[in-house]
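Before any comments, here is the structure.
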Amino acid sequence: MKAVLMAGGEGRRMRPLTSTVPKPLLPVVDRPLMTHSIELLARHGITDIVVTVQYLASQIRDYFDDGSDYGVTLTYATETQPLGTAGGVAMARSLLDSDEPFLVLSADTLTDTDLSALIEAHMSDEARLTMTLARREDPREFGMAVLSGSGHVQQLKEKPTWAEVVSDRVNTGIYCVDPEVLDLIPSDGPSDWAQDIIPILLREPGNVAGFLSERYWEDVGSLATYLSVQRDVMLGTVRSGIRAFEVDENVWVAEGAEVAGDVELNGPMYLGPFARLEAGAVVGPDSVLGANVVVGRGARIEQSMVMGGSWVDRGCELRGAIIGRGVQVLHDVRVNDGAVIGDECVLGEESSVSANVHVYPSKSVEAGAQLQDSLVWESRGRKHILGSHGVSGLINIEVTPEVVVRIASALAAILNRGTTVTVGRDHSRAARAFNRAAIGALTAGGLQVRDLRTAPVPVVRADTANSSSGGIVFVTSPGKPESLEMRLLDADGFDIPSKALRSLELAYLRREFRRPTAPEIGDVVVPHRVVEDYANDIVASVNTQGIVEADLRVVLDCSNGTASPLIPTLLSRLPIQLLTINNRVDDTQTTESAAQRGEAMSELAGLVATSDADFGVRVDPSGQRLHLVDDNGQVIADDRAALIVADLIAAELNGGRVALPVTTTRLAEQVIGFHGAAVLWTPPDEAILSQAAAQPDVVLAADGRGGFIIPPMGRHLDPFAAFIRLLGLIARTRLRLSEINARIPRSFVEQEAVPTAWGRRAQVMRTVTETAQGSAVRIQQMVNGIMLDLGPRSWAFIQPDAGQPLTHITVEGPDRQTMESLLSEWSAVIRGGLA
27 MKAVLMAGGE GRRMRPLTST VPKPLLPVVD RPLMTHSIEL LARHGITDIV VTVQYLASQI
87 RDYFDDGSDY GVTLTYATET QPLGTAGGVA MARSLLDSDE PFLVLSADTL TDTDLSALIE
147 AHMSDEARLT MTLARREDPR EFGMAVLSGS GHVQQLKEKP TWAEVVSDRV NTGIYCVDPE
207 VLDLIPSDGP SDWAQDIIPI LLREPGNVAG FLSERYWEDV GSLATYLSVQ RDVMLGTVRS
267 GIRAFEVDEN VWVAEGAEVA GDVELNGPMY LGPFARLEAG AVVGPDSVLG ANVVVGRGAR
327 IEQSMVMGGS WVDRGCELRG AIIGRGVQVL HDVRVNDGAV IGDECVLGEE SSVSANVHVY
387 PSKSVEAGAQ LQDSLVWESR GRKHILGSHG VSGLINIEVT PEVVVRIASA LAAILNRGTT
447 VTVGRDHSRA ARAFNRAAIG ALTAGGLQVR DLRTAPVPVV RADTANSSSG GIVFVTSPGK
507 PESLEMRLLD ADGFDIPSKA LRSLELAYLR REFRRPTAPE IGDVVVPHRV VEDYANDIVA
567 SVNTQGIVEA DLRVVLDCSN GTASPLIPTL LSRLPIQLLT INNRVDDTQT TESAAQRGEA
627 MSELAGLVAT SDADFGVRVD PSGQRLHLVD DNGQVIADDR AALIVADLIA AELNGGRVAL
687 PVTTTRLAEQ VIGFHGAAVL WTPPDEAILS QAAAQPDVVL AADGRGGFII PPMGRHLDPF
747 AAFIRLLGLI ARTRLRLSEI NARIPRSFVE QEAVPTAWGR RAQVMRTVTE TAQGSAVRIQ
807 QMVNGIMLDL GPRSWAFIQP DAGQPLTHIT VEGPDRQTME SLLSEWSAVI RGGLA
């Protein structure tokens with residue numbers, strides 16, 4: 027007699043383990059699950075086996091080959107698409123005998139059913155199909171079988187409710203089938219034995235016989251069951267051999283395994299070939315460690331499974347967890363009950379994985395991270411969910427509705443009940459969707475919400491400072507239309523400070539959310555004069571003297587962004603000749619690449635030249651940055667624009683300080699020093715630049731990337747205040763931007779981003795420091811990077827990126843050749859740190 031072994035299912039309920047391995051190849055006590063079925067068939071003299079395969083079929087064929095290693099002959103029938111349990115068997119009809127019954131069983135069950143008795147029962151009955159039955163106290167997750175007095179199946183009810191339960195006998199999916207039954211299986215699509223074919227047979231009494239087996243049978247259909255069958259094999263509950271020595275009661279150790287003298291082994295447990303347990307390790311009970319697994323000093327593994335080739339470092343604790351193949355679990359990691367780690371993952375030192383969290387294959391969890399949600403699409407699990415500005419990442423992958431709701435709920439928990447939060451967004455669909463999710467969580471947490479809807483970031487900051495205890499603004503990540511930022515603001519409209527950020531993250535991680543009663547739920551208001559009030563504040567705060575007399579002509583590009591509704595309101599208060607372009611909000615243009623911005627600036631430059639305008643201005647789509655074109659129609663680089671505005675303000679005020687990031691050319695000291703002003707150098711960080719702008723003698727802060735802060739209007743990046751300020755400066759001095767640009771010396775500053783793996787950033791920075799020390803280079807350690815003094819007008823600033831696997835280097839030299847040489851030299855040092 028032949029047998030059909032069904033091995034084509036995807037095993038979706040077993041993900042992430044089956045993301046890279048078909049379920050029949052998942053190890054049960056270090057041997058593939060399907061091996062146990064093959065050996066069962068062989069023990070009953072059935073050696074001619076047809077295997078139906080579909081999902082990751084080549085892995086099954088490659089592993090078992092022709093079956094000769096198991097004393098059987100395997101023939102494969104490959105489904106090009108899923109055909110169901112019956113459809114797959116029908117496809118293999120040509121490989122079966124037309125005049126003899128055959129067995130059908132699944133490759134993803136574990137059983138020691140007496141197949142010989144099943145065959146004998148079928149042969150002694152006139153039934154066309156004999157169904158193997160097992161007893162279950164709770165049959166609701168199975169197909170419940172109701173038998174007649176003659177032992178034939180009268181009814182098969184799939185997944186009955188308690189009201190429908192009339193029997194404790196369930197279908198195991200193991201059948202002995204007459205070949206003519208295959209005629210009932212349609213050839214034009216998928217079909218299932220229990221759902222489609224057996225109901226047809228049951229139309230006539232006596233067609234389906236029941237064979238009650240008292241032997242072990244378990245459908246490995248869930249991760250919990252997968253762990254439990256490991257225990258059953260080790261205890262001998264199922265008749266399936268273990269290839270290992272029983273060194274103590276139910277303590278199985280395979281050949282080649284190494285166990286240190288003071289290791290504690292608690293049965294039932296299994297240690298695979300060439301696995302190694304180091305001093306002080308505790309393993310078991312109910313634990314399986316596959317071949318070549320290494321467990322470090324003092325590690326503790328209980329009720330867990332660690333697959334072959336994985337490494338569990340010192341001090342780790344695994345409780346009720348499943349660890350896939352080739353996983354690196356670094357020191358002092360905690361993996362909790364029900365957690366599953368897919369193949370080839372890395373769990374950073376002192377990280378923890380919460381109960382029932384699934385980490386899909388080839389992911390990394392940062393050192394110290396507390397992973398509370400499954401890691402499916404993201405490349406890594408982060409130690410800190412919140413960055414310096416809030417949270418950012420790929421839409422619906424790293425920034426999801428669930429994450430947004432939890433962050434908003436955490437914010438509601440750390441603020442006083444009943445206080446007000448301002449919420450705004452850019453014009454993207456994603457920002458609109460997540461904005462609504464945040465509002466729901468905030469009001470449910472007992473806060474009042476001011477919903478500004480679509481508004482530039484400076485407007486949201488200003489409204490927060492004027493009216494709220496905090497704020498949230500959603501904006502598309504610069505240059506990344508597939509990513510979103512959820513920026514969190516304090517009561518002054520600044521990015522939330524690190525101390526409050528830590529409190530917020532703790533509330534997020536611990537899920538310490540406020541649950542108000544129904545009368546305490548917050549409400550939402552939509553203020554109607556926010557833009558008008560903001561425009562009035564700018565005009566009242568910025569010196570506009572001389573603009574009327576100058577009769578300036580300006581071309582303004584709104585970039586189809588959030589600035590579009592604001593500009594008419596703002597400029598209606600100023601008597602200038604204005605040509606406005608791209609002034610309609612377009613939700614498909616929420617950010618731009620460098621190339622797209624370059625094209626837009628070229629278009630603006632052409633319009634400035636042809637319209638004989640005094641200058642051109644472009645506001646980026648999120649309404650945070652300002653870019654300039656001079657009166658000759660030449661695009662002004664952002665770093666040069668910062669120097670031009672600084673020169674004009676310093677000249678007008680004859681003093682004060684200008685806050686600039688250390689990545690700005692040192693020529694800035696010469697430019698504004700000529701007017702009696704000084705530079706306040708800051709780390710290249712927006713929050714720190716904003717703090718610097720709050721100092722009483724600071725007259726301007728600029729980041730060299732189009733970001734300007736104009737005291738006393740505010741302490742945040744504000745292109746609208748910068749535009750009005752620039753109008754006044756040009757009007758009063760009657761200077762042209764081209765003239766100012768021409769009198770500022772040329773600088774030679776260049777930047778490069780070097781790809782750097784997350785786990786190598788500290789090593790890279792150490793290499794840079796040691797190289798500088800060995801070369802007698804003066805080092806200045808800053809908040810978020812290293813400044814190297816490389817000689818007259820020569821320096822390098824090196825910093826790891828907080829949000830991407832990159833190391834940034836900025837270099838200046840007195841001439842282009844020196845600058846390029848320094849950039850090449852120190853970029854090589856960074857790459858050397860990666861070796």
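First residue of the sequence shown? That's 27 in this note's numbering, and the numbers climb one at a time after it.
Note that beta-carbon positions come from the ideal geometry of N, C-alpha and C, so glycine has one too.
Residue j beta carbon less than 8 Å from that of residue i
i	j	result
Leu832	Thr797	no
Glu838	Trp852	no
Glu343	His357	no
Pro179	Met149	Sequence inspection shows Val at residue 179; the Pro mentioned does not correspond to that position. Cβ distance not < 8 Å, so Val179 and Met149 don't count as in contact.
Pro53	Ile86	no
Ala672	Ala757	no
Arg154	Asp204	yes
Asp549	Phe500	no
Ile223	Ser217	yes
Ala220	Glu184	yes
Arg741	Ser716	yes
Of the listed residues the options, nearest to residue i (C-alpha basis)
i	options	result
Val556	Ala620, Thr502 and Thr490	Thr490
Leu679	Tyr534, Thr759, Ile662 and Lys389	Thr759
Leu173	Arg87, Ile564, Val383 and Asp194	Asp194
Pro737	Gly730, His357 and Arg751	Arg751
Thr61	Asp138, Asp123 and Thr46	Asp138
Leu478	His384, Ile498, Thr469 and Leu468	Ile498
Asp867	Gly352, Glu284 and Arg762	Since the first and last residues shown for the chain are 27 and 861, residue 867 lies out of range.
Met512	Thr448, Pro212 and Arg57	Thr448
Asn658	Asp664, Ala668 and Gly642	Gly642
Val338	Ala301, Asp363, Glu558 and Pro311	Ala301
Asp245	Pro427, Lys389 and Thr198	Thr198
Pro504	Ser494, Ser567 and Gly649	Gly649
Val353	Leu373, Arg345 and Gly346	Leu373
Leu261	Pro294, Leu849 and Gly817	Pro294
Ser388	Val76, Gly730, Pro42 and Phe90	Pro42
Arg345	Arg351, Gly335 and Val359	Val359
Ile662	Ala676, Thr606 and Ile766	Ile766
Gly730	Ala685, Gly175 and Gly114	Ala685
Ala68	Arg787, Val314 and Gly93	Gly93
For residue j and residue i, believed in contact at Cβ under 8 Å, the rounded distance
i	j	result
Phe539	Ser400	With a Cβ gap of about 20 Å, Phe539 and Ser400 do not count as contacting.
Ala438	Gly466	Rounded, the Cβ-Cβ distance is 11 Å, inconsistent with contact.
Ser132	His70	Their Cβ separation, rounded to whole angstroms, is 16 Å, which puts Ser132 and His70 out of contact at 8 Å.
Val611	Thr480	7 Å
Gly108	Gly34	It is worth fixing the name first, because residue 108 is Pro in this sequence and not Gly. 7 Å between Cβ atoms; contact.
Glu508	Ile573	Not really, about 41 Å apart at Cβ, beyond 8 Å.
Ala488	Gly519	6 Å
Ala307	Val279	Contact doesn't hold; Cβ gap of about 13 Å is too wide.
Ile440	Ala517	Between Ala517 and Ile440 the Cβ distance is about 12 Å, and since that is not below 8 Å, they are no contact.
Gly444	Asn569	About 40 Å; that fails the 8 Å criterion.
Neighbour-count burial assignment, residue i, 16 or more Cβ in a 10 Å radius
i	result
Gly287	exposed
Arg528	exposed
Trp188	exposed
Ile423	exposed
Gln603	exposed
Ile805	exposed
Arg326	buried
Trp403	exposed
Asn442	exposed
Pro900	Outside the shown range of the chain, which is 27 to 861, sits residue 900, and nothing can be said about it.
Pro523	exposed
Ser63	buried
Thr636	exposed
Length at least 3, wholly inside the region 359 to 420: the beta strand (DSSP E) runs in chain order | 416 to 420
Tell me the start and end of each unbroken beta strand (DSSP E) in the region 567 to 650 that is at least 3 residues and wholly inside, in chain order.
-> 579 to 583, 603 to 607 and 641 to 645
Complete beta strand (DSSP E) runs within the region 640 to 703 (minimum length 3 residues, chain order) | Correct list: 641 to 645, 652 to 655 and 683 to 687.
Unbroken alpha helix (DSSP H) runs of length 4 or more, entirely within the region 476 to 506: which are they?
-> Contiguous alpha helix (DSSP H) elements confined to the region 476 to 506 occur at 483 to 493, taking only those with 4 or more residues.
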